[in-house]
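**Q**
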Amino acid sequence: MKKIFLAILAMSIVIALTACAAKGGNKKEQKNLYDQIKDKGEVTIGTEGTYSPFTFHDKSGNLTGFDIDIANEVFKRLKIKTKYIETKWDGMIAGLDAKRYDLIANEVAVRTDRLKKYDMSDPYIVSKAVLVVSKDNNDIKSLDDLKGKKVGQSLDSNYRKIAEDHGATNTVVDGFNQAIDLITSKRIDATINDSLSYYDLRKHQPNLPIKVVYEEKNATNNAFLFRKNSKELVDAVNGALAGMKKDGTYLKISKKWFGTDVSK
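If you want it as structure tokens, here you go:
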């Protein structure tokens, strides 16, 4: 009986020690995302790389743009290297879900439905949507005129929903430039996109036969997008953004790309 008791006692001790070890291991596994990133010294960021002037490649092939400059400065202040993973917009949020990267920097609009499923940083750019048509198009003058018309929008774009809510039929495009190509070749009637992208395009290609027929009154806030429960990382990013605005670095980057303060 004594031997049985000792055997049971020894087994209990082993189980207890194993449980403690498991708890200790779980603590390491349960490190929040920000701590994991700090341990690696590198953050992975999803972006298009084809959406000028926010995220695109310059003539030398380098990834650049407003969003890229903002993200680089944020993580420079956090002493973390940035690694960009380029992907098409329509698969970008799915890539975040699949943990291909830690966040998205791609002028992502702050929307109620997104805030239910994801975390978002404080807004770092404000923009307005514009309705773009061919220069000789006199049929479309407002969103209400989109009924029965063909538009070109990215599948997961909030602009697609706006167009379809007004009766348009969507042709899925990879981005704004492809939509413009379809307009100029008369394969679609219109596209809705960011006003800053439109004016940047006109600056570089002033002879494009396109025009804006409508600009929304209310501006849209845009921010970095994170998986849910990334609070520590979001807080760190927000702190860096606030510091950039306070010391003038944000304004410097904003004027570099747009000539004005696009935070308000």
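Those letters in the sequence shown? Residues 19 to 282, per this note's numbering, in order. Cβ coordinates follow ideal geometry from the N, Cα and C atoms, glycine included.
Going along the chain, which residues of its own chain have a beta-carbon closer than 6 Å to the beta-carbon of Lys229, five neighbours each way excluded?
**A** Numbered from its first residue, the sequence shown carries residue 229 at position 211. Counting only Cβ-Cβ distances below 6 Å, and skipping sequence neighbours, we find Lys153.
**Q** List, from N- to C-terminal side, the alpha helix (DSSP H) runs of 4 residues or more that fit wholly inside the stretch 134–218.
**A** The stretch 134–218 contains these whole alpha helix (DSSP H) runs: 176–183, 194–202.
**Q** In angstroms with no decimal places, state the Cα-to-Cα distance between Gln223 and Asn247.
**A** The sequence position of residue 223 within the sequence shown is 205, counting from 1. The sequence position of residue 247 within the sequence shown is 229, counting from 1. Going from the Cα of Gln223 to the Cα of Asn247 covers about 43 Å.
**Q** What three-state label does DSSP hand Ile86 in the structure shown?
**A** Here residue 86 refers to the residue found at position 68 of the sequence shown. Helix at Ile86.
**Q** Closest Cβ-Cβ distance between Tyr217 and chain C: below 8 Å?
**A** Protein chain content of the structure displayed is limited to a single chain, and chain C is not contained in it.
**Q** Relative to the C-alpha of Tyr136, which residue among Tyr142, Leu114, Ser145, Val148 is closest?
**A** On the sequence shown, position 118 is the one that residue 136 refers to. Comparing Cα-Cα distances from Tyr136 to each of Tyr142, Leu114, Ser145, Val148, the minimum goes to Leu114.
**Q** Find the nearest neighbour of Thr105 within the set Arg95, Asn236, Thr82, Thr65, judged by alpha-carbon distance.
**A** Position 87 of the sequence shown holds residue 105. Nearest of Arg95, Asn236, Thr82, Thr65 to Thr105, Cα basis: Thr65.
**Q** Need the endpoints of the beta strand (DSSP E) that Tyr119 sits in, please.
**A** Taking the first residue of the sequence shown as 1, we reach residue 119 at position 101. Premise fails: Tyr119 is in no beta strand (DSSP E) and is neither H nor E.
**Q** Which same chain residues end up closer than 8 Å to Arg118 when comparing Cβ atoms and leaving out the 5 residues on each side of it in sequence?
**A** Here residue 118 refers to the residue found at position 100 of the sequence shown. Cβ neighbours of Arg118 beyond the five flanking positions: Thr62, Gly64, Ile103, Thr105.
**Q** CB-CB under 6 Å to Arg95, same chain, minus the five flanking residues each way: which ones, in chain order?
**A** Taking the sequence shown and counting its residues from 1, the one referred to as residue 95 is at position 77. Around Arg95: Ala258.
**Q** In chain order, which beta strand (DSSP E) runs of at least 3 residues are fully inside the stretch 215–257?
**A** Fully enclosed beta strand (DSSP E) runs of 3 or longer: 228–233, 238–245.
**Q** Measuring straight from C-alpha to C-alpha, what distance separates Val255 and Ile180?
**A** Taking the sequence shown and counting its residues from 1, one reaches residue 255 at position 237. Taking the sequence shown and counting its residues from 1, one reaches residue 180 at position 162. The straight-line gap from Cα to Cα measures roughly 30 Å.
**Q** Among Ile158, Ile55, Ile143, which residue has its Cα nearest to the Cα of Lys282?
**A** In the sequence shown, the residue the question calls residue 282 occupies position 264. Nearest C-alpha to Lys282: Ile143.
**Q** Distance check for Gly79 and Lys273, CA to CA, integer angstroms please.
**A** On the sequence shown, residue 273 is found 255 positions in, with the first residue counted as 1. On the sequence shown, residue 79 is found 61 positions in, with the first residue counted as 1. Each residue's Cα considered, the two are about 23 Å apart.
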